[in-house]
Each structure stands twice: as structure tokens, then as C-alpha cells.
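A.B. asks:
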Amino acid sequence: MAVSRMNLSRLSRLRFQRRIATYVNIGLICLAPVLALVTYLILGPIDQGRESNLLRVILLCDLLYLLALTALVMQRVMQIVALRRQKSAGSQLHLRLTGVFSAMSLLPTATVAVFAVLSINMGFEAWFSDRVQGVIADSLEAAQAYEQEQVRGLKEDIAALASDLETYRRTAINDPQLLRQRLSDAQENVQRGLKEAFIIDDTGDLILRGNRSYLFDYEEPSSELIQTAIREIVIIPDIPNNELRALTYLNG
840 MAVSRMNLSR LSRLRFQRRI ATYVNIGLIC LAPVLALVTY LILGPIDQGR ESNLLRVILL
900 CDLLYLLALT ALVMQRVMQI VALRRQKSAG SQLHLRLTGV FSAMSLLPTA TVAVFAVLSI
960 NMGFEAWFSD RVQGVIADSL EAAQAYEQEQ VRGLKEDIAA LASDLETYRR TAINDPQLLR
1020 QRLSDAQENV QRGLKEAFII DDTGDLILRG NRSYLFDYEE PSSELIQTAI REIVIIPDIP
1080 NNELRALTYL NG
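Residue numbering for the sequence shown follows our numbering, starting at 840 and increasing by one per position.
1) Using DSSP bridges, identify the partner residues of I1074.
2) Would you mind sorting D901 into buried or exposed? The rule is 16 or more other CB atoms within 10 Å of its CB.
3) Which full runs of the alpha helix (DSSP H) of 4+ residues lie inside the region 992-1073, going along the chain?
4) If A1025 sits next to L1000, beta carbons under 8 Å apart, how far is it from one beta carbon to the other, in whole angstroms?
5) Does the region 979-997 come close enough to the region 1015-1023 that 3 or more CB-CB pairs lie under 8 Å?
6) Compute the distance between the beta-carbons of L1047 and P1079, then report whether it is under 8 Å.
7) With burial defined as no fewer than 16 other Cβ atoms inside 10 Å of the residue's Cβ, what is the status of V1073: buried or exposed?
8) In whole angstroms, give me the CA-to-CA distance for M913 and R854.
9) Can you grab the Cα-Cα spacing for the pair R889 / R970, in whole Å?
10) Should G1049 be labelled buried (16 or more other beta-carbon atoms within 10 Å of its own) or exposed?
11) Using 10 angstroms around the beta-carbon of R1165, count the other beta-carbons present and answer buried if the total reaches 16, otherwise exposed.
12) Closest to L1083 by C-alpha separation, out of N1028, G992, D1040 and L876, would be which residue?
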């Protein structure tokens, strides 16, 4: 009688443990799509570039879920290995059941992983794309503003240089050497300084050149630019050499 009671107690305990294990398995399976959906919804703030404590909690839950599922599968595998070593008659059936259970367990896990990877990938793509576009736009705006400032400064310098040379020619004798020296001095004295300075005629032929203004650096402007320079200061961008050139008309 005592033995029967012990067997019944042990059987009841085993049934209770199996019932708990079944509830845990069902809970893990049901929890997978819930975690996948919540992860997808919470990962939205990545697109907006904000940090989220709730996002950290959800990702931590995903990690704990994967760890629990992995531990459960490993426990089943170890049980099957032990049964096979004991050459139990039901080991083959247990092996098949464990294979089915493992497949059912891995399916929601894969679902969570796919949702997480896709959400994180799309979130980071949008996050970096918006910021890269913003950086490029800001850089372009700054470069354009810098170019406009350089053009404005060059026009002021070339206008001051032309005015100084015109005043000098009206008050001094017509000596090419003195005019060249005056050109070199004016070239150095303008506010921003000019790297090169040349005086040409209306056909583009070189008449005088300033300090450090070498002949091989001179590029003859076109007749259209010369005609335009009679009316206004012409800015000539030199992209290959990363510099700006200006052309203006000297009275007298």
C-alpha cells in the first residue's frame, strides 16, 4: 500500500511537471509573434533619431526569449541523447517528437529574428540617409556661400586695383617700367592680395605683368569676355586650378 501511494505521488508529480512544461512551451510559441510585433512597432523611434528606453527593454526581452528557447531545446536534446544511450524503446518516438518540437520552436524564433533584422535595417538606413543628406546639403550651402563671398571680395579687389592704376596713369608719365612697379605694388596692397596680375590690350595680347605673374601662367581670355569686361567686371572660374580670375577694363 505504501509503495502504491509513492508511485501515485511520483506519477502525479511527473504529470504536474509535464503540464507546466506544456504551458511553458505554449507560452513561448504564443509569445513569439507578440514580441515580433512589439519589436517592429517600438523600433520606429530609430527613424526619428531618438533614444528609447522602451526599445532597450524590448530588445532585452527578445534576447531573453531566445536564450530561454535555446535552453529548452538543448534540454530536450540532452534527454533524447540520454534515452538513446539507455537504448530505451521509446527513444525513436521521443526523437521524432523533439524534432517536431524543435521545428515549431525555431519557427517563431526565426520570425522574431527576421522582424528585428528588417526593422533595424530599415530604421538605420532611414536614419543615416536623412543625416547624410542633411550633411551634404549643409556642406553645399556653406560652399556656395564661401564662393559668393570670394567672388564679392575679388570684385572689390579688382575694382580697387583698376581705380589705383587709372589714377596713377592720369598723374604720372607713361613709363612701362614705372607702371609695372605700380601694378606690383597695387597687387600687394589690395585687401586680400592677388596671386597674379596682368595688363592686356583689347585683343588679348599681354602688355605688362605684376609681381610673381609669370608668362606661362597667363591664359588669354576670349574676345567675348573682353567685350563684356568693358561694361562690367567679369569673373572667370578656373575649376582645375581651384581659383577665380577677374577681368576688368582700364580707362585711359
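Think of the CB as a built atom: it goes at the ideal place given N, C-alpha and C, for glycine as much as any other residue.
All values reported here derive from a predicted model rather than from experimental measurement.
C.D. replies: Quick look at the numbers:
1) A1085.
2) buried
3) Those alpha helix (DSSP H) runs which fall completely within the region 992-1073 and span 4+ residues are 1015-1028 and 1062-1070.
4) 5 Å
5) Segments in contact, no.
6) No, the pair does not count as a contact, with Cβ atoms beyond the cut-off.
7) buried
8) Taken atom to atom, the span from the alpha-carbon of M913 to that of R854 is near 21 Å.
9) Because R889 carries a pLDDT of 45, less than 50, the predicted location of this residue cannot be relied on, and the following value inherits that uncertainty. Between R889 and R970, the C-alpha separation is close to 13 Å.
10) Of the other Cβ atoms in all chains shown, 16 or more fall within 10 Å of the Cβ of G1049; this residue is therefore buried.
11) As displayed, the chain neither begins before 840 nor continues past 1091, which places residue 1165 out of reach and without an answer.
12) G992
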